[in-house]
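Structure first, then comments.
Number of protein chains: 2
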Amino acid sequence: MDETDAVILRRLLADGRATLGTLAEATGLSVSAAQSRVRRLEERGLITGYRAQVDAEAVGLPLSAFIEVTPLDADDPDDIPQRLGHLAEIEGCFSVAGDASYILFVRVASPKRLEDLIRQIRQAAHVSTRTTVVLQTCFADRPPAINVKTV
Amino acid sequence: MDETDAVILRRLLADGRATLGTLAEATGLSVSAAQSRVRRLEERGLITGYRAQVDAEAVGLPLSAFIEVTPLDADDPDDIPQRLGHLAEIEGCFSVAGDASYILFVRVASPKRLEDLIRQIRQAAHVSTRTTVVLQTCFADRPPAINVKTV
DNA sequence: ACTGAAATTTTTAGAAG
DNA sequence: CTTCTAAAAATTTCAGT
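Chains A and B are the protein sequences, given in the same order. When you line the first sequence up against the numbering used here, it's residues 1228 to 1378, in that order. When you line the second sequence up against the numbering used here, it's residues 1228 to 1378, in that order.
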């Protein structure tokens, strides 16, 4: 990846619908060359897809939280992520080095739904949980800063 | 928002470059009607934008972590998010109800960069930190499940 | 790996029902 | 909301450098 690819990536992170014409202009390439670059970034897996960004509040998910997850029984096989994957309100699941085994990030419609979700998590994965409710999202989902280097 | 809008939203969450023709087909609407729907979802702020998704590892950010942030001095004015906003490696900043005041989610290139970042955070915001390193991202950034209801 | 051009698809806007 | 139209813009493909 060179600086030209980086320019394209930054543009597509800012606007996933940026046109090839725009990308061509930004890079000084022809439209065809810009297209090849984009296709290559997609094929090589640097770009994994395109997505509309939605306002979580506006779509009825005003409450978010972090949930630390700890297995109740250390002898259990650790298939916790698989056991939780079907719960759509879990946006992210991270195995972590710390007191807990996993940290989940969840979005729900209401405190009641959060309570339900926590119960489902405990039952589905046979774990204890420790929940930290988000009071305010100061900023979120900021795009990564793209740096050329050994990438 | 009705079920038709929900179908459109789900499609655009799965593919931000879905064409109006595709959306029309998925909803049973004409292209014109689909276009109006999308425009309305954008104008009403349900759709806040479009973005390429990138593989964080592939773009050189293989290490991520949660950082709990606690003010050193309770008398300080709380402008912590503003003081941290310029640090691009901070992807999200959440005010939380818990032991800490904020939880940050960060992505960095290396352990060394994480160390640097933590130092910068402490200095910039006059806070103490407690960092939980992510060992594995089981899944992340899953799109919210769109439900019709009082939305 | 790029340019340039042609062919196709998509978007956008509008008229009329 | 529909269909239809028409122009503009974007994507895609390909021959040639």
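Ideal Cβ placement from N, Cα and C applies to all residues, glycine included. Predicted model only: the values in this text are computed from it and were never measured.
For residue i, the residue or residues it bridges with in DSSP
i: V1360/A; result: A1292/A and A1324/B
i: S1263/A; result: For S1263/A, which the question treats as bridged, DSSP gives no partner whatsoever.
i: P1370/A; result: None, per the DSSP bridge assignment.
i: V1281/B; result: I1274/A
i: P1298/B; result: V1354/B
Interface flag, residue i vs chain A, CB-CB below 8 Å
i: D1242/B; result: yes
i: I1348/B; result: no
i: T1364/B; result: yes
i: D1368/B; result: yes
i: R1334/B; result: yes
i: R1340/B; result: no
Through-space distance from residue j to residue i, alpha-carbon basis
i: H1313/B; j: C1320/B; result: 12 Å
i: D1300/A; j: V1354/A; result: 8 Å
i: M1228/A; j: P1370/B; result: 28 Å
i: R1238/A; j: A1245/A; result: 7 Å
i: R1334/A; j: G1325/B; result: 17 Å
i: I1330/A; j: G1276/B; result: 28 Å
i: I1274/A; j: R1267/A; result: 9 Å
i: L1344/B; j: A1292/B; result: 11 Å
i: V1323/A; j: E1342/A; result: 23 Å
i: R1357/B; j: S1328/B; result: 11 Å
i: L1362/A; j: A1285/A; result: 16 Å
i: L1256/A; j: A1279/B; result: 20 Å
i: V1281/A; j: L1250/B; result: 17 Å
i: D1306/A; j: G1272/A; result: 27 Å
i: D1368/A; j: A1367/B; result: 11 Å
i: D1242/A; j: G1243/B; result: 10 Å
i: A1351/B; j: P1304/A; result: 43 Å
i: T1297/A; j: E1270/A; result: 38 Å
i: D1302/B; j: V1360/A; result: 24 Å
i: T1364/B; j: C1365/A; result: 23 Å
Contact set for residue i: own chain, Cβ-Cβ below 8 Å, skip 5 residues either direction
i: A1336/B; result: G1287, L1288, P1289 and L1290
i: L1247/B; result: V1258, A1261, Q1262 and V1265
i: R1340/B; result: L1290 and E1316
i: R1349/A; result: S1355 and T1356
Close Cβ partners of residue i (< 7 Å) along its chain, the five nearest in sequence each way excluded
i: Q1347/A; result: L1314
i: I1317/A; result: L1311, L1331 and V1333
i: P1338/B; result: L1290
i: I1234/A; result: First, the amino acid is wrong: residue 1234/A is Val here, not Ile. Within the same chain, V1234/A has close Cβ partners A1253 and T1254.
i: D1232/B; result: R1264 and L1268
The alpha helix (DSSP H) enclosing residue i, as first and last residue numbers
i: R1349/B; result: P1338 to A1352
i: I1330/A; result: Taken as a continuous stretch (DSSP letters only), I1330/A belongs to no alpha helix (DSSP H), being part of the beta strand (DSSP E) at Y1329 to V1335.
i: E1316/B; result: Run containing E1316/B: none; DSSP gives neither H nor E here.
i: R1244/B; result: Careful: R1244/B lies outside any alpha helix (DSSP H) and carries neither H nor E.
Sequence-distant residues of the same chain with beta carbon closer than 6 Å to residue i, five excluded per side
i: E1230/A; result: V1375
i: L1236/B; result: I1373
i: L1240/A; result: P1370
i: L1295/B; result: The question names Leu, yet the displayed sequence has Glu at residue 1295/B. Once the five neighbours on either side are set aside, the close Cβ partners of E1295/B are A1327, I1330 and R1357.
i: P1308/B; result: C1320
i: A1283/A; result: R1334
Closer than 8 Å to chain B by CB, residue i
i: D1303/A; result: no
i: V1258/A; result: no
i: G1325/A; result: yes
i: R1266/A; result: no
i: S1337/A; result: no
i: E1318/A; result: yes
i: D1282/A; result: yes
i: S1355/A; result: no
i: L1239/A; result: yes
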